[in-house]
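So the structure is just underneath, and the comments pick up after that.
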Amino acid sequence: MSKELKSVDYGLEKIFDGAQDFLPLLGTDYVEFYVGNAKQAAHFYKTAFGFQSEAYSGLETGKKDRVSYVLRQDKIRLVLTSPLGSASPINEHIVKHGDGVKVVALWVEDARSAFEETTKRGAKPFMEPEVEKDEHGEVVRSGIYTYGETVHMFVERKNYNGQFLPGYRKWESDYNPEPTGLKYIDHMVGNVGWGEMNTWVKWYEDVMGFVNFLTFDDKQITTEYSALMSKVMSNGNGRIKFPINEPAEGIKKSQIEEYLDFYEGPGVQHLAVATDDIVKTVAALKARGVEFLPPPPQAYYDDIPRRLGAHMDTMKEDLNKLQELSILVDADEEGYLLQIFTKPLQDRPTLFFEIIQRMGAKGFGAGNFKALFESIEREQAQRGTL
Ligand code: FE2
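Following full-length UniProt numbering, the numbering of the sequence shown begins with 1 at its first residue and continues without gaps.
Structure follows, in structure tokens:
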């Protein structure tokens with residue numbers, strides 16, 4: 001592992017010990033959504049979230065069966081793909097799951113070795129290593145299935161200096177809304193079925209060499225009505241963090257069950273994107289029509305000084321401003337974090353975004369779970385799915 005990698009390890013040095021280096025990951029490369037209408041989805045992510053037009057592939061680039069729009073904001077790259085005819089297998093994915101994340105692509109040094117190392121450890125192949133070339137060089141990609149029909153692609157781009165991938169062209173647009181300050185993907189969460197969390201934890205350990213560095217049981221993640229369990233998996237350098245959730249028994253239906261019902265199986269529940277200035281980012285997102293979960297009650301904000309303790313003195317943000325924007329606050333030994341969750345981003349109550357600003361804290365907002373899930377339950381009640 002290079003020196004440069006270690007210098008940005010998010011302070012998770014302790015997990016280097018347990019993690020294995022047969023699959024060195026340099027970062028997230030892109031996240032690809034299969035959607036019903038990529039052209040309109042691209043407009044939404046540009047307008048509402050401030051993503052920038054980056055690359056395009058479709059009929060004009062010689063692609064006959066599908067169209068893909070690549071959007072970028074700082075280090076976050078989204079690919080929105082739709083089929084161009086009824087024969088495409090992408091249709092089956094959309095019919096079953098609705099709009100959602102198909103590919104979580106990981107940036108690697110060597111996509112052939114990534115494929116070999118993971119498949120020999122039991123991964124189900126999605127795509128054998130393939131070399132794609134154009135005048136800017138070559139990219140090697142391979143892919144494996146993870147939970148449900150979700151895929152991890154391995155992308156080796158060290159011999160490529162084009163826009164995105166061969167087969168794409170630069171997407172020049174006259175419509176370029178301002179970015180909203182989203183920087184990089186902090187973590188990506190998967191929802192899996194009843195009793196399957198540990199199966200997938202073991203899969204990430206065995207197949208990907210990840211380690212489980214945080215666990216939340218159904219006693220910690222519970223409200224009066226519903227519960228879930230979660231384990232956070234991380235790769236060796238701490239750049240890639242995948243919490244895995246499963247539903248737990250409660251009086252009413254948990255949000256994970258609702259997700260599984262509407263996605264018709266396991267899949268990506270949320271993408272957490274980091275910002276350096278959550279107040280500015282969330283104000284901008286709200287002004288552009290992004291909908292967030294309803295605010296927690298007054299008592300939640302009254303209790304923040306007690307929950308934050310000494311971190312309250314170092315807090316740079318104005319608590320009234322945070323409350324005005326319904327931003328949640330949590331702290332651990334090392335610092336605090338600020339976070340907020342959007343409502344589902346498509347018709348089905350499945351995928352949503354989290355906006356997160358870390359001020360030293362390494363956790364996932366465990367102190368907010370109760371308030372957060374109560375907000376989700378109020379939404380579920382309106383949908384008749386609680
Ligand atoms: Fe999260």
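Cβ coordinates follow ideal geometry from the N, Cα and C atoms, glycine included. For clarity, every value in this text was computed on a predicted model and none was experimentally measured.
Taking the alpha-carbon of residue i as reference, which of the options has the nearest alpha-carbon?
{"i": "P344", "options": "E258, Y301 and G335", "result": "E258"}
{"i": "K39", "options": "L25, T28 and P83", "result": "P83"}
{"i": "F154", "options": "Y34, V103, K280 and T350", "result": "V103"}
{"i": "F373", "options": "R306, G360 and P297", "result": "P297"}
{"i": "E156", "options": "T150, F164, F213 and V140", "result": "V140"}
{"i": "T199", "options": "F353, G122 and L59", "result": "G122"}
{"i": "R72", "options": "V268, G209 and Y30", "result": "Y30"}
{"i": "A366", "options": "G137, T223 and K63", "result": "T223"}
{"i": "D206", "options": "N235, N91, K370 and K96", "result": "N235"}
{"i": "L214", "options": "F364, P24 and K63", "result": "F364"}
{"i": "E117", "options": "L25, F353 and P294", "result": "L25"}
{"i": "E324", "options": "M315, A283 and R306", "result": "A283"}
{"i": "G36", "options": "L23, G384, R66 and L228", "result": "R66"}
{"i": "P179", "options": "A272, T385 and I76", "result": "I76"}
{"i": "D217", "options": "E377, L319 and F369", "result": "F369"}
{"i": "T281", "options": "L322, L182, A87 and E377", "result": "L182"}
{"i": "K158", "options": "E128, G195 and A111", "result": "A111"}
{"i": "Q382", "options": "P294, A274 and Y160", "result": "P294"}
Which residue marks the beginning of the beta strand (DSSP E) containing residue i, and which one marks its end?
{"i": "L214", "result": "V211 to F216"}
{"i": "N191", "result": "L182 to N191"}
{"i": "residue 397", "result": "The structure shown does not extend to residue 397, since the chain spans only 1 to 386, so no value can be given for it."}
{"i": "I355", "result": "F352 to M359"}
{"i": "P177", "result": "From DSSP, P177 is part of no beta strand (DSSP E); its letter is neither H nor E."}
{"i": "T275", "result": "G267 to T275"}
{"i": "D332", "result": "L328 to D332"}
{"i": "Y56", "result": "Q52 to S57"}
{"i": "Y145", "result": "G137 to Y145"}
Any chance the CB of residue i is under 7 Å from a heavy atom of the ligand ZN?
{"i": "Y168", "result": "In the structure shown, the ligand ZN is absent; the only ligands present are the ligand FE2."}
In three-state DSSP terms, what is residue i?
{"i": "D99", "result": "coil"}
{"i": "V35", "result": "coil"}
{"i": "L319", "result": "helix"}
{"i": "F164", "result": "coil"}
{"i": "E13", "result": "Low confidence applies to E13: its pLDDT is 44, below 50, so where it sits in the model is not reliable, and the reading given next is rough at best. In this structure, E13 counts as coil in the three-state DSSP scheme."}
{"i": "E109", "result": "coil"}
{"i": "S88", "result": "coil"}
{"i": "E132", "result": "strand"}
{"i": "G367", "result": "helix"}
{"i": "K3", "result": "Because K3 sits at a pLDDT of 30, beneath the cut-off of 50, its placement in the model cannot be relied upon, and the following sentence gives the value as read from the coordinates. Three-state DSSP puts K3 in a helix."}
{"i": "V8", "result": "The predicted model places V8 with a pLDDT of 35, which falls under 50 and marks its position as unreliable, so this point remains unresolved."}
{"i": "F44", "result": "helix"}
{"i": "R378", "result": "helix"}
{"i": "N245", "result": "strand"}
{"i": "V232", "result": "strand"}
{"i": "F115", "result": "helix"}
{"i": "F373", "result": "helix"}
{"i": "L386", "result": "coil"}
{"i": "V155", "result": "strand"}
{"i": "K221", "result": "For the record, residue 221 in the displayed sequence is Ile; it is not Lys. If DSSP states are grouped into helix, strand and coil, I221 belongs with coil."}
{"i": "T342", "result": "strand"}
{"i": "P83", "result": "strand"}
{"i": "I251", "result": "coil"}
{"i": "F292", "result": "strand"}
Would residue i pass as a contact of residue j if the rule is Cβ separation under 8 Å?
{"i": "D276", "j": "Q339", "result": "no"}
{"i": "H187", "j": "P243", "result": "yes"}
{"i": "T342", "j": "G267", "result": "no"}
{"i": "A55", "j": "V70", "result": "yes"}
{"i": "N245", "j": "V232", "result": "no"}
{"i": "G209", "j": "Y147", "result": "no"}
{"i": "S68", "j": "L80", "result": "yes"}
{"i": "Q52", "j": "N176", "result": "yes"}
{"i": "A331", "j": "R306", "result": "no"}
{"i": "Y263", "j": "G100", "result": "yes"}
{"i": "G250", "j": "S226", "result": "yes"}
{"i": "E354", "j": "H270", "result": "yes"}
{"i": "F33", "j": "L78", "result": "yes"}
{"i": "V279", "j": "I304", "result": "no"}
{"i": "P89", "j": "D134", "result": "no"}
In terms of residue numbering, what span does the alpha helix (DSSP H) encompassing residue i cover?
{"i": "S65", "result": "According to the sequence shown, residue 65 is Asp rather than Ser. Element bounds for D65: n/a, residue is neither H nor E."}
{"i": "I278", "result": "I278 to A287"}
{"i": "E258", "result": "Q255 to Y263"}
{"i": "R307", "result": "I304 to L308"}
Closer than 5 Å: residues whose CB approaches a heavy atom of the ligand FE2: A272 and E354
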